[in-house]
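Asker:
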Amino acid sequence: MSRTVPLRSFNLRRSVLSVPAINLRALEKAHSLDGDAVILDLEDSVAPEKKAEARENLRRFFAWPPLEGKERIIRINSLSSEFGEADLDLVKDVLPDAVLLPKVDEPQDVMAAGDLLAEADAPEELRIWAMIETPRGVLNVGAIAEAGRTPGSRLDCLVVGLNDLRKETGVLPQPGRSYLVPWLMQVILAVKAYGLDALDSVFNDFKDSEGFDAECGQGRAMGFTGKMLIHPSQIAAANRHFGPSAEEIREAEAIISAFADPEAEGLNVINAGGRMIERLHLVQAEALVHKARLISARKPA
Ligand code: COA
Ligand code: MG
1 MSRTVPLRSF NLRRSVLSVP AINLRALEKA HSLDGDAVIL DLEDSVAPEK
51 KAEARENLRR FFAWPPLEGK ERIIRINSLS SEFGEADLDL VKDVLPDAVL
101 LPKVDEPQDV MAAGDLLAEA DAPEELRIWA MIETPRGVLN VGAIAEAGRT
151 PGSRLDCLVV GLNDLRKETG VLPQPGRSYL VPWLMQVILA VKAYGLDALD
201 SVFNDFKDSE GFDAECGQGR AMGFTGKMLI HPSQIAAANR HFGPSAEEIR
251 EAEAIISAFA DPEAEGLNVI NAGGRMIERL HLVQAEALVH KARLISARKP
301 A
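Mapping the sequence shown onto this note's numbering, position 151 (from 1) lands on 151, and the numbers just tick up by one.
#1: Using a Cβ-Cβ cut-off of 8 Å (strictly less than) and excluding sequence neighbours within five positions of Pro300, which residues of its own chain qualify?
#2: Among all residues, which have a Cβ less than 7 Å from at least one non-hydrogen atom of the ligand MG, and in what chain order do they fall?
#3: Do Ala52 and the ligand COA come close, with the Cβ less than 7 Å from some heavy atom?
#4: So, helix, strand or coil for Lys192, using DSSP?
#5: Taking the continuous beta strand (DSSP E) assigned at Ser153, which residues delimit it?
#6: On the CB-based measure, 16 or more other CB atoms within 10 Å of its CB, does Lys207 come out buried or exposed?
#7: What's the C-alpha gap between Lys103 and Ser178?
#8: Classify Pro175 as buried or exposed, calling it buried when 16 or more other Cβ atoms lie within 10 Å of its own Cβ.
#9: Can we count Arg303 as close to the ligand COA, meaning its CB is less than 7 Å from some heavy atom?
#10: Just the Cα atoms here: how many angstroms apart are Ala54 and Asp89?
#11: I'd like to know whether the C-beta atoms of Ser18 and Lys227 end up nearer to each other than 8 Å.
#12: How do the segment 248-257 and the segment 37-56 stand: do at least 3 beta-carbon pairs fall below 8 Å, yes or no?
#13: What residues are listed by DSSP as bridge partners for Pro20?
#14: Determine the burial state of Gly243: buried for a count of at least 16 other Cβ atoms within 10 Å of its Cβ, exposed for fewer.
#15: Please report how far the alpha carbon of Ser2 lies from the alpha carbon of Leu58, in whole angstroms.
#16: Which of helix, strand or coil does DSSP assign to Lys50?
#17: The ligand COA heavy atoms versus the CB of Ala47: any closer than 7 Å?
Listed below in structure tokens is the structure:
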């Protein structure tokens with residue numbers, strides 16, 4: 001019996017490239033890159049006196065042909081800042097797939113943005129993503145993720161921002177991120193409890209491919225869906241680490257066929273060559289194979 005896999009959890013989000021909205025060249029370039037999604041940034045990568053120009057660039061970007069099969073997310077400035085309102089007006093006009101809220105501290109930040117979008121009659125499909133990058137954001141991450149269950153909240157994905165979090169807490173950047181791991185795992189627990197995706201933080205040193213590889217491997221092992229990126233050179237490694245490996249696909253297919261065997265009918269646990277597999281593994285296996293199919297259906301940019 002095949003299950004219906006909920007579509008929402010299957011937007012490919014292995015590699016999500018941040019593109020400064022002020023950089024027209026980079027916005028053009030986004031069309032020829034193999035990332036799964038782009039975050040069009042109006043916040044920290046755009047100087048205060050350039051915000052209006054950056055918004056104009058995004059109006060042009062959204063007038064170009066869409067990036068086929070890839071989500072376009074606009075990161076706005078805080079709604080309490082002097083730029084928030086104009087940023088949200090742009091979002092209502094160009095209708096990206098999602099709006100990314102910076103420095104979310106508490107569920108009310110998500111609900112307030114949802115109310116503003118509802119008041120503007122923004123379509124349901126326009127989702128909200130939230131940056132978790134402040135001490136209060138981490139402390140409240142369970143309640144923030146839970147807001148995703150509230151009707152109309154639109155919350156879909158949390159993105160960890162370690163540059164801000166390090167700045168706020170004084171935790172030093174160190175290989176292995178040992179002092180940050182407890183906070184990262186809090187985020188993972190929260191998204192898993194409420195059925196959201198989570199993206200691991202950016203890795204600043206884009207020339208350090210070894211360090212990036214190690215951090216992607218760690219993020220994947222923790223349970224992140226993918227990684228926010230800052231440079232095109234990081235896309236291939238993120239796609240590799242956060243996509244299923246050939247070995248994982250083979251294993252998933254073996255689980256699916258073991259449960260498809262008539263002898264497995266009515267059994268929740270079976271012996272597959274000396275290893276116990278449970279029906280819960282079947283659900284995971286089906287999701288993994290579905291993801292692999294989405295990846296192979298993706299046309300190269
Ligand atoms: N998105 C799209 N294209 C990008 C890009 C990005 N984030 N970063 C670099 N590129 C492009 C450049 O335009 C250049 O293209 P070209 O050679 O075809 O003209 C190419 O990739 C190589 O870039 P490179 O010269 O190595 O880097 P740079 O000096 O142009 O840019 C950064 C370096 C860090 C300034 C740039 O990568 C960047 O702005 N990253 C995103 C920063 C951001 O979004 N911060 C906020 C979130 S933390
Ligand atoms: Mg930030």
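Here a beta-carbon is modelled for each residue, glycine too, at the ideal position from N, C-alpha and C.
Answerer: Let me lay it out:
#1: Excluding sequence neighbours, Pro300 sits near Asp34.
#2: This criterion selects Glu43, Asp44, Pro102, Lys103, Met131, Glu133, Gly161, Asn163 and Asp164.
#3: In this structure, the ligand COA has no non-hydrogen atom nearer than 7 Å to the beta-carbon of Ala52.
#4: If DSSP states are grouped into helix, strand and coil, Lys192 belongs with the helices.
#5: That residue, Ser153, is in no beta strand (DSSP E); it is neither H nor E in DSSP.
#6: Taking a 10 Å sphere around the C-beta of Lys207, we find fewer than 16 other C-beta atoms and assign the residue as exposed.
#7: In a straight line, the C-alpha of Lys103 is about 22 Å away from that of Ser178.
#8: It counts as exposed.
#9: Not covered by the structure: residue 303. The range shown for the chain is 1 to 301.
#10: A direct Cα-Cα distance of roughly 14 Å separates Ala54 from Asp89.
#11: No. Outside cutoff.
#12: They do not touch, by the three-pair rule.
#13: Residue pairing by DSSP places Pro20 opposite Asp41 in a beta bridge.
#14: Counting other Cβ atoms within 10 Å of its Cβ, Gly243 reaches 16 or more and is therefore classed as buried.
#15: At Ser2, the pLDDT of 40 sits below 50, so the modelled position is not reliable; the number obtained from the coordinates is stated separately. Approximately 42 Å, taken between the alpha carbons.
#16: Note: Lys50 maps to helix in three-state DSSP.
#17: No.
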